[in-house]
Amino acid sequence: MIWAKEGNIGRLQLEITNYCNAFCSQCERNYMIELQNETPEERKEFTIDYDIELNNTFLSIADIKKTFLPNKWTHLDEIVLCGNVDEPVINPDVIEIIKYFYYLDNKEKDIWVHVNGGSRSESFWSELGELSKELNNRLTVVFGIDGDEETNHLYRKNVNWKTLQKNWRAYISSGGRAGWQFIVFKWNQHQIADIKKLSEAEKFERFVVIKSFRNTNPENEIDEIVLPAGYEGVTA
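Residues 1 to 236 in the numbering used here are what the sequence shown spells out, letter by letter.
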C-alpha cells in the first residue's frame, strides 16, 4: 500500500471525539453498543478489531498540533469534521482545533462541521458563529435536521427541537454560515418543500436533500423517494 504524504493531501475528514448526545436509529453507535455485550470470540465473527467503547475520548488541541505539524500540510485546503459516531462540537477543544487548522501554514481553508445541533449552550453557538464570521465564513456548520418539531426527533432521537432551534439561531445571528442537511424518510418526505422554505426563512445558506441507505430498515422504509427538480441531492 502506498500512503499519501502530508504535502499531497488537499482534503481531510476527521472524527475528533466519540461523544454524542443523540441516539439515531441505525447509527454506527447502536451497532457498537450491541457489540459491547458480545464476547471477544463473538466479536471476531464480525471482524471487529477496533475500540467499541463510546463517550470516553476526544482529540485534544495538543493531539492535533502533534499530528498536524507546520510546513508539512502545504496543500491542505479543506477540513471536514464529521465521523461515524461523533457530535464534533462536544469536543471541548473544538473551537481551538478549528482555529488551528484554519491558520495552519498561513493558508486559509474551508472547514465544515457536521452536527445534529442538540448539544452545547447558546453562548457556545454564538461564539462559534462569531468565529465563522472572523474566518470570512469559510467555516460552515451543517445541521442535520430531518423535519420540523413534529418529525425531526423520529430519527434524531434525543435531540430536543427547542434546544436545536435556539442553537442554530444563536449561531446564525452571530454571523455564522450554516447549511441544512435533510435525510428523507417515509415520515418526512412530504415536507421537503416546506422545510426548504423554513431553512431559507431561518437564513441557512444551503439546503441539501439526502437519500439514505438507512431506509433499508423496515422502521425507516419509505414508499418512494423522489428528489424534486432543483434540489441538490446526495446519497449517504
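Built from N, CA and C at the ideal position, the CB exists for glycine as well.
Beta-carbon spacing of residue i, residue j below 7 angstroms
i	j	result
Asp110	Pro70	no
Gly117	Glu15	no
Leu135	Tyr102	yes
Val80	Gln13	yes
Gly176	Ser119	no
Lys203	Ile172	yes
Thr67	Gly7	no
Beta-carbon proximity list for residue i, same chain, < 8 angstroms, skipping 5 on both sides
i	result
Leu198	Asp148
Ala115	Sequence inspection shows Val at residue 115; the Ala mentioned does not correspond to that position. The residues are Glu87, Pro88, Val89, Val141, Val142, Phe143, Gly144.
Lys107	Thr74, Leu76, Asp77
Residue burial classification, residue i (beta-carbon count within 10 angstroms, cutoff 16)
i	result
Ala201	exposed
Gly10	exposed
Phe23	exposed
Val234	For Val234, the predicted structure reports a pLDDT of 43, less than 50, and the residue's modelled location is therefore unreliable. A value from the coordinates is still provided. Counting Cβ neighbours within 10 Å, Val234 comes out exposed, since fewer than 16 surround it.
Asp146	buried
Cα-Cα separation between residue i and residue j, rounded to whole angstroms
i	j	result
Pro88	Arg29	14 angstroms
Cys20	Tyr100	23 angstroms
Asn55	Phe207	30 angstroms
Trp180	Leu139	14 angstroms
Arg169	Asp63	31 angstroms
Ser123	Ile2	45 angstroms
Asn18	Gln26	16 angstroms
Ile244	Ser121	Any answer about residue 244 is impossible in this case: the structure gives the chain only from 1 up to 236.
Asn158	Leu164	11 angstroms
Ile98	Lys72	18 angstroms
Ala178	Glu53	31 angstroms
Gln191	Lys5	45 angstroms
Val94	Glu205	22 angstroms
Tyr194	Thr57	The sequence shown places Asp at residue 194, rather than the Tyr named in the question. Spanning the two alpha carbons is a distance of roughly 39 angstroms.
Phe182	Lys162	18 angstroms
Tyr31	Asn137	36 angstroms
Same chain only: Cβ atoms within 6 angstroms of residue i, ignoring 5 sequence neighbours per side
i	result
Thr151	Trp187, Asn188
Ser174	Ser126, Gly129, Glu130
Ile225	Its pLDDT being 49, under 50, Ile225 is placed unreliably in this model, and the value from its coordinates should be taken loosely. Cβ neighbours of Ile225 beyond the five flanking positions: Val184, Lys211.
Glu96	Ile61
Asn167	Gly117, Trp125
Asn91	Ile16, Thr17, Phe58
Leu154	Trp187
Own chain residues within Cβ distance below 7 angstroms of residue i, not counting five before or after
i	result
Asp86	Glu15, Ile16, Thr17, Asn18, Tyr19, Cys20
Asn160	Gly118
Lys65	Tyr100
Which runs of the alpha helix (DSSP H), 4 residues or longer, sit entirely within the segment 134-175? 152-155, 161-173
Quick one: complete alpha helix (DSSP H) runs, 4+ long, within the segment 60-108? 61-67, 94-103
Pick out the complete alpha helix (DSSP H) segments inside the segment 185-216, 4 residues or longer, and give them in chain order. Within the segment 185-216, the complete alpha helix (DSSP H) runs of at least 4 residues are 192-201.
As an exercise, report each continuous alpha helix (DSSP H) stretch of at least 4 residues that is fully enclosed by the segment 109-133, in chain order. Listed in chain order, nothing qualifies, since the segment 109-133 has no complete alpha helix (DSSP H) run of 4 or more residues.
Uninterrupted alpha helix (DSSP H) stretches inside the segment 2-37 (no shorter than 4 residues): 28-35
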